[in-house]
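Colleague:
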Ligand SMILES: Cc1ncc(COP(=O)(O)O)c(C=O)c1O
């Protein structure tokens, strides 16, 4: 049996069909400089060389799908990515390597490769490059891990609501933690100001005017996951829908941009899912990507609590996304419990708060006939979901699910 949401929760779901989507057309040439399968190959080649690289699983959840009323559910489970607990391990750490490699090349006036830096051939140079980032948890952990691996000092900025366990995990990789008042967007601005004053290197997962190159590399890193998905899909039912959760939009860009490039005009229908407490992409559809959503309540979906759209991500998402959906926080805990319980045929999955947003949205749509019809969701739909994190904060997970 699938979770049943209350009438109030279902009434709180927001949906907007994208008026600017270029549905059922080939991947636009104009987007390939931001992201394409070809232009992200370098990132995949590099990350595949990292110690402990291994593919994460794509689970089939047929019992759950039947309980919800759809044909099949495919869940890409990122809980074990490099031992960091989230897909973000692929982005921030790769950005660090990419940025440090370019900086050393420029300081020495010679071409240095990412492999050289990864193999520790420039310890004196890397020790002089401080990398900094703002985070709600997972990105900062990835940057701190990358900085430790590649030998550079690291400072991570967190806002008031980032949990102690998530901060401890960042400090465990040797980073200096800087706690600031305000929300995620305030931590991004504090980090930018201090970096400018001190000559530090910002390694952000979100882009803004004048800062586009590195977030593009983070998205390139995430395509490691999407390439694995495409390989695994060869033996599965054709995917009709992809529900992908979003904070600033980098993950959705990597997933949907890559899949659009791969499937071309036959691509699946793409839906973005955000918290109703932070629907910045949903708002961008109407107001444009510069519109800032002022967050009043931090969502339990900590990784998605983001009021500002990544500008470079929007360039891909605007023509790409079919549907924007926002869901209330109360839908999250029951869906985490459902995945954590499993069934006769579906294995148990430890999924964190931000990981289950897509599944919660699918369930909500199937319990709102108007939304199921609008998204063309029915018993023959096969839905791809991105399980973007495991129990990245075990205490929060335990409090929400009851066990770990
Ligand atoms: C677990 C998890 N899922 C999804 C996201 C959303 O990614 P993005 O901000 O690139 O949209 C994040 C962002 O931090 C995250 O930590």
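Numbering (this note's numbering), first residue to last: 337 to 740.
Think of the CB as a built atom: it goes at the ideal place given N, C-alpha and C, for glycine as much as any other residue.
The structure presented is a predicted model; accordingly, all values stated were derived computationally and were not measured.
1) Can you give the beta carbon distance from residue 541 to residue 490, rounded, assuming they're within the 8 Å contact cut?
2) Which complete alpha helix (DSSP H) runs does the stretch 352-376 hold, if anything under 4 residues is left out?
3) Is the CB-CB distance between residue 691 and residue 723 below 7 Å?
4) Given residue 572, which residues of its chain have a CB within under 8 Å of its CB, disregarding the five upstream and five downstream residues?
5) My understanding is that residue 376 touches residue 564, with C-beta atoms under 8 Å, so please give their C-beta distance in whole angstroms.
6) Is DSSP giving residue 489 helix, strand or coil here?
7) Tell whether a beta-carbon distance below 7 Å holds between residue 373 and residue 648.
8) Relative to the C-alpha of residue 725, which residue among 475, 343 and 435 is closest?
9) Residue 562 lies in the alpha helix (DSSP H); which residues open and close that run?
10) What are the boundary residues of the alpha helix (DSSP H) that includes residue 681?
11) With distance defined between alpha-carbon atoms, name the residue in 595, 730 and 675 nearest to residue 404.
12) Pick out whichever of 638, 488, 655 and 693 has its Cα sitting closest to the Cα of residue 620.
13) Taking residue 684 as the reference, which of 665, 715 and 739 has the closest Cα?
14) What are the start and end residues of the alpha helix (DSSP H) that includes residue 346?
15) So, residue 473 versus residue 638, is the Cβ gap smaller than 7 Å?
16) When the distance is taken between beta carbons, is residue 729 closer than 7 Å to residue 502?
17) Taking 6 Å as the cut-off, is the CB of residue 395 close to at least one heavy atom of ligand 1?
18) Looking at the strands, I want to know which residues DSSP matches up with residue 751.
Modeller: To lay it out plainly:
1) The pair is not a contact, with the Cβ atoms about 15 Å apart (cut-off 8 Å).
2) Inside the stretch 352-376, DSSP marks no whole alpha helix (DSSP H) run of 4 or more residues.
3) Yes; because the gap between Cβ atoms is below 7 Å, this pair is in contact.
4) 394, 396, 408, 410 and 718
5) So it is not a contact: roughly 13 Å between Cβ atoms.
6) Of the three classes helix, strand and coil, the one that applies to residue 489 here is coil, per DSSP.
7) Against a cut-off of 7 Å, the Cβ pair of residue 648 and residue 373 comes out as no contact.
8) 475
9) Where residue 562 is concerned, the enclosing alpha helix (DSSP H) stretches over 549-569.
10) Per DSSP, residue 681 belongs to no alpha helix (DSSP H) and is neither H nor E.
11) Nearest Cα to residue 404 within the set 595, 730 and 675: 675.
12) Residue 655 holds the alpha-carbon nearest to the alpha-carbon of residue 620 among 638, 488, 655 and 693.
13) 739
14) 343-347
15) yes
16) yes
17) no
18) For the chain, the structure presents residues 337 to 740; residue 751 sits outside this window and is missing.
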